[in-house]
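Basically my numbering = 1-based index in the sequence shown + 3.
No residue lacks a Cβ here, since even glycine has one placed at the ideal position from N, Cα and C.
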Amino acid sequence: MPNLQSFAEALTFKFSSHRKHLKSPVPSLLHSNNPPSDEELALIHRAIARTQARVKAIGTRDDYPSNLYTHFLQSHTNLLSVSRRLPTELLVEIFLHVVEEPTDPVHNSPPWILGHICRRWRSIALSTPKLWVALPPLYLGTTKNPQLKLKMDSLTALLARSSGNKLSFYLSKQRGAPCADDVILSLLLEHSNRWERISFDISERSWAHFSSVKCRLASLRSLKLNITRATGYVHGDVDAFKIAPALQEVYLSASTSNEVIGLPRSQLTSFAEETMDFRHYALALSTAPCIKKLSLIFDPFVEDLIDIPPITRSSLKTLIIQSFSPQTAPNPALNKLTLPALQELVFRYFCPNNYIKDLVPLIVRSGCTLRKLVLNSPGISKQDIINIVTLTPSLTDLDINDPGPEFLEFLRLVESGPLIRWLVVPSLQSLTIHLNRSDYRIFAPLIRLAEGRCDFMPDPNLPLDDIPETPYLLKTFKISPQPINSGAYAYDDFASHFGLRTVDSQLATETADSTAAASVILIQKHLHRIESANNDMSLMRKGRFELVLRRVEELVSFLEQTKMTMTPDSIVHLYFTKVADPLRQILMTVQIPINRKISFARRLDALLSEWSSILEQVSPKQQWGWNADGDLLYIPTNNGEKLPLTLVM
Numbered sequence: 004m005p006n007l008q009s010f011a012e013a014l015t016f017k018f019s020s021h022r023k024h025l026k027s028p029v030p031s032l033l034h035s036n037n038p039p040s041d042e043e044l045a046l047i048h049r050a051i052a053r054t055q056a057r058v059k060a061i062g063t064r065d066d067y068p069s070n071l072y073t074h075f076l077q078s079h080t081n082l083l084s085v086s087r088r089l090p091t092e093l094l095v096e097i098f099l100h101v102v103e104e105p106t107d108p109v110h111n112s113p114p115w116i117l118g119h120i121c122r123r124w125r126s127i128a129l130s131t132p133k134l135w136v137a138l139p140p141l142y143l144g145t146t147k148n149p150q151l152k153l154k155m156d157s158l159t160a161l162l163a164r165s166s167g168n169k170l171s172f173y174l175s176k177q178r179g180a181p182c183a184d185d186v187i188l189s190l191l192l193e194h195s196n197r198w199e200r201i202s203f204d205i206s207e208r209s210w211a212h213f214s215s216v217k218c219r220l221a222s223l224r225s226l227k228l229n230i231t232r233a234t235g236y237v238h239g240d241v242d243a244f245k246i247a248p249a250l251q252e253v254y255l256s257a258s259t260s261n262e263v264i265g266l267p268r269s270q271l272t273s274f275a276e277e278t279m280d281f282r283h284y285a286l287a288l289s290t291a292p293c294i295k296k297l298s299l300i301f302d303p304f305v306e307d308l309i310d311i312p313p314i315t316r317s318s319l320k321t322l323i324i325q326s327f328s329p330q331t332a333p334n335p336a337l338n339k340l341t342l343p344a345l346q347e348l349v350f351r352y353f354c355p356n357n358y359i360k361d362l363v364p365l366i367v368r369s370g371c372t373l374r375k376l377v378l379n380s381p382g383i384s385k386q387d388i389i390n391i392v393t394l395t396p397s398l399t400d401l402d403i404n405d406p407g408p409e410f411l412e413f414l415r416l417v418e419s420g421p422l423i424r425w426l427v428v429p430s431l432q433s434l435t436i437h438l439n440r441s442d443y444r445i446f447a448p449l450i451r452l453a454e455g456r457c458d459f460m461p462d463p464n465l466p467l468d469d470i471p472e473t474p475y476l477l478k479t480f481k482i483s484p485q486p487i488n489s490g491a492y493a494y495d496d497f498a499s500h501f502g503l504r505t506v507d508s509q510l511a512t513e514t515a516d517s518t519a520a521a522s523v524i525l526i527q528k529h530l531h532r533i534e535s536a537n538n539d540m541s542l543m544r545k546g547r548f549e550l551v552l553r554r555v556e557e558l559v560s561f562l563e564q565t566k567m568t569m570t571p572d573s574i575v576h577l578y579f580t581k582v583a584d585p586l587r588q589i590l591m592t593v594q595i596p597i598n599r600k601i602s603f604a605r606r607l608d609a610l611l612s613e614w615s616s617i618l619e620q621v622s623p624k625q626q627w628g629w630n631a632d633g634d635l636l637y638i639p640t641n642n643g644e645k646l647p648l649t650l651v652m
């Protein structure tokens, strides 16, 4: 025992003799992200030079604790990193670039984290008003008194930090009766002259609060308004938003049937509406001469358009017309329109109609150059679709449903000659085909079309000098099957025809097929519940964290439990639907402790490792794979030498 004690004392003395040479001149910087001052920079440089000289003098002595010296040099060299001493102006630009506003204000999230890195970052962030213009989503009518002060303090701080800059925010208020959190709305109304991009989800009674903003919307550029319909009448001034000199983009959803919301329509460049009154369609076309994008979604009970005069809109580039009623198909009056600048046309009806026949005269009459065409409507005749694509040689994006084998073969035709060109839509880059009915005759033409327009190969017997230039190839070929139900395609159909099975697998049973489908549906539900919990601002921060943790635990546990009952083909199916990717993305964004995130990530890695032996059975010549939305994507062979699994994942 005495010998052991002597050895310990000697060891302590040996390391103590080195510690005096390894004392940092700037210990506070080693435990923070703060940048060194000019004086501290000089101290760091001298300490590094002194330590390097001592290391050189010590040489390779046995009692030399090299790890201590290496750590000292590395940690102090890191303090000299350029990233710690970036100019303030450059940091501001980086912050503004990283903290971009979401397209929809409902996804706004202030960059609170910038104030938690170091004192300098916090100071720069607080003195950059543009970082704080995207206010977090506000849900009024449910705020309890303990939370009200926190929300008011947070909103007041953000309004102060944003200075006089223009604001973006989402607000939901479904209760028309007075609520304790109406003070939050009152505070926002005081700043209505700063509103730039706003989104409201309100009731008809709540509309009365907005009468005070009339003539006080000098900065408003984008308005999204969803009014929950009850009586058909809004309470308050329907023209509250009619005077807004900068307003260009408007989205109205579920607008009331008996009122027309007042808007400066003559200056709008983008207008979208979900409406039950077809008169709004005529109003949008006739009163917006500068309109560039028009999108109308018709209510299932919309009345048909009586009549409109011929209308020419020379600036309209995008027209989107959608009706999701399975019984009625209101007439969109395409035969009355002339749209010379039209580049994108989306026509989506859920019941049979004869309006597709009006598209050919519209294209001819307008002389437009269509780039994107979406035709999702039952009963489109083969001749109608052939006529349309023949008239649109500049198409780069085509989205159609149930085209039929003959049309698919038509898309494969080429013009022979020194320069090979496709006979129709020669510049097509993206093709999406929706399959809404069971017709197995279409599988072989689909495969031939994908191989032809994605992997075109010239005649191998031609001399090298005679090989013509390759025509434009598709970058994306997607097949979107109807969700698995009675009378539609099942996963087993695609697994058999598109080579999605593992090498040694047997034909899957209906039970295995339904198990895979049910698992995918349940997984999507779990993911949705996690996102909903993470975005539930009605909960206190701690309660929201606990709810998110429970939801993530439920999903990971579900995956771990089902792995034992899944067939090889079902596991391949789950892999190609990229189950792990959305969950990993959620783990990056949800607000839960980092140690729990790491734990969940490790469990996912272990799960995928157990799947790897099955995934290795997938043929290296795999040409099709599922994406996250349950669609089939073709994987071209000209994507280099990466395995298809790498490309899909």
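Query	Result
Range of the contiguous alpha helix (DSSP H) that encloses H110	Where H110 is concerned, there is no enclosing alpha helix (DSSP H), given that its DSSP letter is neither H nor E.
Close beta carbons around L477, own chain, < 6 angstroms, minus the five adjacent residues each side	L434, R456, C457
For A137: DSSP bridge partner residues	S171
Three or more C-beta pairs below 8 angstroms linking the segment 28-48 and the segment 85-96	yes
Local conformation of S69 per DSSP, three classes	helix
Touching by the beta-carbon criterion (3+ pairs, under 8 angstroms), the segment 171-185 and the segment 198-214	yes
Other residues of its chain near I187: CB distance less than 7 angstroms, five sequence neighbours each side excluded	L141, L143, K154, M155, L158
Beta-carbon spacing of V377, D405 below 8 angstroms	no
Residues near F446 in its chain [Cβ-Cβ closer than 7 angstroms; skip 5 each side]	H500
Supposed close pair R374, T399 - CB separation, criterion 8 angstroms	5 angstroms
Cβ pair L223, A249 closer than 8 angstroms	yes
Residue from N229, H437, L82 with nearest C-alpha to A45	L82
Cβ-based neighbour list, L190, same chain, cut-off 8 angstroms, excluding 5 preceding and 5 following	M155, L158, T159, L162
Counted within 10 angstroms of its Cβ, other Cβ atoms place D539 as buried (16 or more) or exposed	exposed
Straight-line Cα distance separating L552 from K600	9 angstroms
Strand pairing of D240, partner residues [DSSP]	D240 pairs with nothing; no bridge assigned.
For E409 and N338, the rounded distance between their alpha carbons	28 angstroms
Alpha-carbon spacing of K360 relative to A332, whole angstroms	14 angstroms
From P108, A60, Q325, residue whose alpha carbon lies closest to that of W135	P108
Nearest residue (CA-CA) to I294, options L345, I51, A247	L345
Local Cβ density within 10 Å of H48, reported as buried at 16 or more and exposed below that	exposed
Whole-angstrom C-beta distance between T131 and F172, which should lie under 8 angstroms	About 19 angstroms separates the two Cβ atoms, so there is no contact after all.
Through-space distance from L25 to F75, alpha-carbon basis	7 angstroms
Test item: CB-CB of E276 and K320 under 8 angstroms	no
R123 - containing alpha helix (DSSP H), residue span	122-129
Range covered by the beta strand (DSSP E) that runs through N390	Taken as a continuous stretch (DSSP letters only), N390 belongs to no beta strand (DSSP E), being part of the alpha helix (DSSP H) at 385-393.
Per-residue burial, A609 [other beta carbons within 10 Å of its own, 16 or more giving buried]	exposed
Assumed close pair E199, L170 - CB separation to whole angstroms, cut-off 8 angstroms	6 angstroms
Member of W210, R219, L226 whose CA lies at the smallest distance from the CA of V237	W210
I526 versus V392, N537, L542, S560, residue with shortest Cα-Cα distance	S560
Alpha-carbon spacing of F274 relative to Y443, whole angstroms	41 angstroms
S214 versus D240, T231, S202, residue with shortest Cα-Cα distance	D240
Ranges of the beta strand (DSSP E) found wholly within the segment 158-230, counting only runs of at least 3	170-176, 198-206
Residues near S166 by beta carbon distance below 8 angstroms, same chain, minus five either side	P132
Anticipated Cβ contact below 8 angstroms, H437 with S380, distance rounded	About 10 angstroms separates the two Cβ atoms, so there is no contact after all.
DSSP three-state assignment for K59, whether helix, strand or coil	helix
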